[in-house]
Amino acid sequence: MKALKIAKSSILMNIYERLLSLYGPQGWWPLINYKGSPPTKTGSMQGYHPGNYDLPENNKQIYEIMLGAILVQNTNWKLAEQALLRLNDETGIDPEKILQLSASDLKETIKCAGFFNQKANYLRNITEFFIKLEGRTPHRKEILAIKGVGEETADSILLYAYHKPEFVVDAYTRRIFHYLNFTNQKAKYKQVKELFELNLPEDVPLFQEYHALIVEHAKRHYIKKPFKDEALQEFKINK
DNA sequence: AACCAGGACGTGA
DNA sequence: TCACGTCATGGT
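Each residue of the first sequence is one higher than the last, beginning at 42 in my numbering.
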């Protein structure tokens, strides 16, 4: 049992190193309010602040990560970012000003990111939450209690905005590690999360970069079926 | 022209 | 608990 755990740990690190050497640091979480960051697209070697794991550097950036985490739900970052930039134009990412926007204005502003009716509500929910925090770091349960925040979004906020060692599991993570036979399709969120958290050192920059690399890798090899993934073929578990 | 995107929620079984 | 349906725009 312990031997298996060590082996898995080693393989997970090898996969990480492989992805990192393939794509380089991704510069997550992308921040528009980051001086010296040209608003370009994310992706391999195109992140906003690759290799900088000290962000966010202020409360506004924490709030920006929260907004982005909602906006990017079930859409791509390019569109979420457009919505974020428009919100920035209108409010400067000021929570009070965002609450002052009318519902219709808010919806119109974020329309490009899809699901704008519910996301407008979710943005308000998380904005009220953020204001009430008054700079305090929230617990996972508190964040999960916000309507519009599920497990992935909560972990994204904790990992990238608050540097908490919570591994983020998204659809891509499931897809890759199911393909490699590390998890089954129907594994619950917590199970997949623990595959990483129990077999990797509790290292925030590692968790941040790993998740970002998974997304980049999946975009390249796990969109069209059947999946091939020659880059990680050697790590596939035979069963 | 279907299919997909860095999900979450409500519902009925 | 769980399997589905729903939410919606934009890119390929």
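Beta carbons: idealized from backbone N, C-alpha and C, even for Gly.
Note that the structure is predicted; figures quoted are calculated from it, not measured.
- Nearest C-alpha to ILE151 among GLU131, GLU137, ASN99 and PRO136: GLU131.
- For VAL245, the uninterrupted alpha helix (DSSP H) run begins and ends at 245 to 262, by DSSP.
- Each of ASN222, GLU207, ILE184 and THR214 was checked against the Cα of GLU257, and the nearest Cα belongs to THR214.
- In the three-state reduction of the DSSP assignment, ARG177 falls in the coil class, being assigned neither a helical nor a strand state.
- For LEU147, same chain residues with a beta-carbon under 6 Å away, outside a window of 5 residues either side, are ALA161 in chain order.
- Note on the stretch 201 to 244: whole alpha helix (DSSP H) runs with a minimum of 4 residues are 212 to 220 and 230 to 238, in chain order.
- Per DSSP, THR194 is one residue of the alpha helix (DSSP H) stretching across 192 to 197.
- Close CB contacts of TRP70 within its chain, under the 6 Å cut and outside five residues either way in sequence, are with ILE106 and TYR201 (chain order).
- Leaving aside the five residues that flank TYR163 on each side, the residues in its chain whose CB is nearer than 6 Å to its CB run, in chain order, ILE111 and GLY189.
- In terms of Cα proximity to ILE56, the closest of ASN166, LYS265 and PHE237 is PHE237.
- Assigned with DSSP and collapsed to three states, SER143 falls in coil, not helix or strand.
- Here the alpha carbon of SER145 sits roughly 22 Å from the alpha carbon of ASN115.
- In the structure shown, LYS182 adopts helical secondary structure according to DSSP, grouped into three states.
- In terms of Cα proximity to LEU199, the closest of ALA48, TYR89 and TYR104 is TYR104.
- DSSP, read as helix, strand or coil, puts ASP130 in helix.
- With a beta-carbon spacing of about 6 Å, GLN249 and TYR94 fall inside the 8 Å limit used to define contacts.
- Residue TYR203 holds the alpha-carbon nearest to the alpha-carbon of THR178 among ASN158, TYR203, ALA186 and ILE255.
- In the structure shown, the three-state DSSP call for TYR104 is helix.
- Taking the C-beta atoms as reference points, GLN102 is found nearer than 8 Å to LEU96.
- Across the structure, LEU254 and LYS138 are spaced so that their CA atoms are roughly 34 Å apart.
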